[in-house]
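Just so you know, our numbering puts 793 at position 655 of the sequence shown, and the rest follows in order with no gaps. Just so it is clear, CB atoms sit at the ideal spot from N, CA and C, and this is done for glycine as well.
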Amino acid sequence: MSYKANCKGDLDTPELKVRDGLDIRQRSTSKSVIEPRYYRPRDTLIQRLKVIGSFADASAKLDVESVAKKIEKIRRHGETTIFERHAESSISLSDAEIAKLKSYCNKLVELSSSGRKSERYASEEIVRLSIEDPRVHLLLKERQLFPSSSYDRRTKYCCTYAFFTVDDASLELHGLWSGLFRIARETSIGATLDDEKLANYLKRNYTSISSYMRRYELSFLGARYLRNALQLPLVGNSLYYLVKIWHVYLDVAQSDAGSQDDESAMEWSNLDACFQSLPTGVLRTAFATPTRLANLYAQLMLFGKVTEVPSVFRRFYAIPDVCYESLQDGPGRHTSTQKGLEDVGFRLLPLYRASLLDALNLASDYSFEDILKKIPENIRRLKGISLKNWFLWKEYCDCAKIIWDYHYRRSMTELNLPLLSFDLWFPNDAALNSEQRALATFLVSILISDWPGIDANVSANTVENVRHLIGTLNLPLFDNVPYLRRYCIGGRIYITSDNLPEPPSILIKDAMNNILNDFTLDTLTLKGNEASYQWLFIDEHHTPFNAKQRPFNWLNYIPVSPEDATDEKQTSSYVAAVKIGPKYHFTCVQDGASSVKYSDELGDEYESHEFLVLAERNLQNNRDDVPDVIIARWRRFWPVKDPEYLAASESAKVDDAHLESLLNGFLRENIEEVWDGL
């Protein structure tokens, strides 16, 4: 049996039904063919007026689309990106084109006039074009828009949005986002961006951008710009500030979930589009952490707004469809030919589900299953969200939560198996049908692959097949921190990370004291196929740190050393990290220590009793001949680069260039000082 998985969002094929109004009458048994006769019931006056109105509505929409396409054609929208248009690069217009552009902008404003059938559609285009093209926005701003007198709520909202989009009060907001897009375009180098310039800009304007996101009348405009900003391939500190702005947007959505439509500042369709634009893979968890997303989605469920943002359920809480194929080669033969779901979303399903349960318990007296049943049928009918075999998925999530809590957080070896699912851990039970037994085996194999050495009635080949299908569990941090730097300065070791290309402050302070004569720099890649790394949590209140005891001696993990051990010297120091809020501070910890010391970005030293230790995973489930410590694959970076060294990411290449330039500059200054002293 092999496993395939998919998590598609296509709607199930609906049942075919006999068309209303089809009258088939069989009058005789003769050979003549009786043609079906269609009859149409007589329309009422109201129905006829509705038909006429729909035709007029469609015609008005076509008029607006025609004008918008002409504007886009003049401004070369088909040849440029939104970021290029904000940078105004390579877009020059003739006098005739400028005259036509002004004329079409006038026409669009005219179509948005109150009382016209085209009012709503023209207003939507005014908002969109103002955001996507600053030149068009300036031309539209010269025209005067008036509030709508329509009784239709959606039309009034669209017209109000258009009014605020071209109003003077929004000029600063347009400028803030346009400045970001302009810098992103002007500093792009191939597929990468200048993180330092973007980060400085976002840091300088973060407060202003966030405050506009919270303003009732302009929140929608900032959110529209944010949706486009999510397309930028940001890294490092610029990505950090964009995530912070996104979190402000989620906070606004959470507080507005229970508001009446006329009191809400949220444009829910835009929020859904933003979730669709989030990056794939583990980086997506930075934008939507389990707790933050659970607090938002619990409010959406309680106030009946889940249909407004269907992408949240699809991407974070959906149960994947697992397909099973029997192989003819006999038992023990397991191969995978397809990988149809995201590893990270699937692996983190228990964590997201547990967080949602906690949020719902705090917000209401309903159970997760009760509220799940309230989700409209058109959402639940999506493939991959079926409630089929829900009890097995529920037990899998519960088991995973218990195991991972003991495994990574508490570092405890004793698990009370009766607390875990009977159906799940004994998948050959006769009470389950063949499909349920296959699903139970699949889910147990996932847990075994995350918990080396566990004793369960599942073959090693099956576990290996599942591991090949969805990969092994890794900390999402490693996509944001693809490598570590090791600075050896005067016999001391300092650890830093990606997007921090400058060496520790001690190196900068003492650069003029010939310290580079006793300085080397190495890099450890955390991303790729060289090794499987994991951070293990240490807390002196639960488990005093000992590299030869749990969690290392029973989880098949070996702690990573920052040193290059020799036969004469065995290492007793290990790579560690302290997490303060969203930031990780890297350091070293001695075996037997009850705390670690670390330095922040300013070089100030602190102490923590809770920390993480970097370990490499032994996937062979066998500790025979396994060393007590891993001498990691540190690659020399400076003063002479290891020929086998490769940058771990595009952002790492940029960091490498900055770092080499800085170190070479220090070296030149040292040489000049030596010559000056002779």
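For the set Val582, Ser787, Leu318, the Cα lying nearest the Cα of leucine 664 is the one of Ser787. When rounded, the separation of the alpha-carbon atoms in leucine 494 and tyrosine 722 is 26 Å. Sequence-distant partners of cysteine 726 (beyond 5 residues in either direction) whose C-beta falls short of 8 Å from its own C-beta, in its chain, are Ile631, Ile633, Pro700, Ser711, Tyr712, Val713, Ala714, Val734.
In the displayed model, leucine 486 falls within coil according to three-state DSSP, outside both helix and strand. Taking every protein chain shown into account, the CB of threonine 418 has fewer than 16 other CB atoms within 10 angstroms, so this residue is exposed.
As the crow flies, the alpha-carbon of threonine 423 is around 10 Å from that of tyrosine 490. Judged by DSSP in its simplified three-state form, isoleucine 631 adopts strand. Linking serine 261 to phenylalanine 413 through their CA atoms gives a straight-line distance of about 24 Å.
By the criterion of a C-beta distance shorter than 6 Å, aspartate 780 is surrounded in its chain by Arg773, Arg774, once the five residues flanking it on both sides are discounted.
Exclusion of the five residues before and after threonine 429 leaves Ser493 as the residues of its chain whose Cβ lies within less than 6 Å of its Cβ. Counting C-beta pairs closer than 8 Å gives three or more between the stretch 358-370 and the stretch 311-321, which meets the contact rule. Shown here, valine 373 sits in coil according to DSSP, grouped into three states, outside any helix or strand. Rounded to the nearest whole angstrom, the CA to CA distance from serine 402 to glutamate 235 is 40 Å.
Annotation: the continuous beta strand (DSSP E) that includes valine 751 extends over 748-755.
The Cβ-Cβ distance between proline 488 and alanine 538 falls below 9 Å.
Selection Leu486, Arg575, Asp503, Ala501 evaluated against asparagine 527 yields Arg575 as nearest (Cα-Cα).
For the pair lysine 335 and isoleucine 321, the CB atoms are nearer than the 9 Å cut-off. Lysine 721 carries a strand assignment under DSSP once its states are collapsed to helix, strand and coil.
Contact annotation: phenylalanine 451 and valine 444 have beta-carbon atoms nearer than 9 Å. A residue is called buried when at least 16 other Cβ atoms come within 10 angstroms of its Cβ; glutamine 437 meets this threshold and is buried. Valine 716 sits in a strand when the DSSP states are folded into three classes.
Two segments are said to touch when three or more pairs of C-beta atoms, one from each, lie closer than 8 Å; by this definition the stretch 249-258 does not touch the stretch 345-360. Exclusion of the five residues before and after alanine 225 leaves Phe319, Arg320, Arg323, Glu324 as the residues of its chain whose Cβ lies within less than 8 Å of its Cβ. Between lysine 382 and the set Cys297, Ala426, Trp673, the nearest pair of CA atoms involves Ala426. Tyrosine 295 carries a helical assignment under DSSP once its states are collapsed to helix, strand and coil. Taking C-alpha positions only, isoleucine 212 is separated from leucine 309 by approximately 24 Å.
Look at lysine 779 here: in three-state DSSP terms it is coil, with no helix or strand label.
The three-state secondary structure of threonine 658, taken from DSSP, is strand. Looking from the CA of serine 268, the closest CA among Glu210, Tyr295, Thr293 belongs to Glu210. Going by DSSP, isoleucine 457 is part of no beta strand (DSSP E) at all; its letter is neither H nor E. Each of Glu270, Thr293, Ile264, Arg291 was checked against the Cα of lysine 279, and the nearest Cα belongs to Ile264.
Secondary structure of leucine 784 (DSSP, three-state): coil. In the DSSP assignment, valine 247 falls outside any beta strand (DSSP E) and within the unbroken alpha helix (DSSP H) covering 233-249. Annotation for lysine 335: the continuous alpha helix (DSSP H) segment containing it runs 333-352. Between lysine 245 and serine 635, the alpha-carbon positions lie close to 55 Å from each other. Looking at the DSSP output, arginine 213 bridges to nothing.
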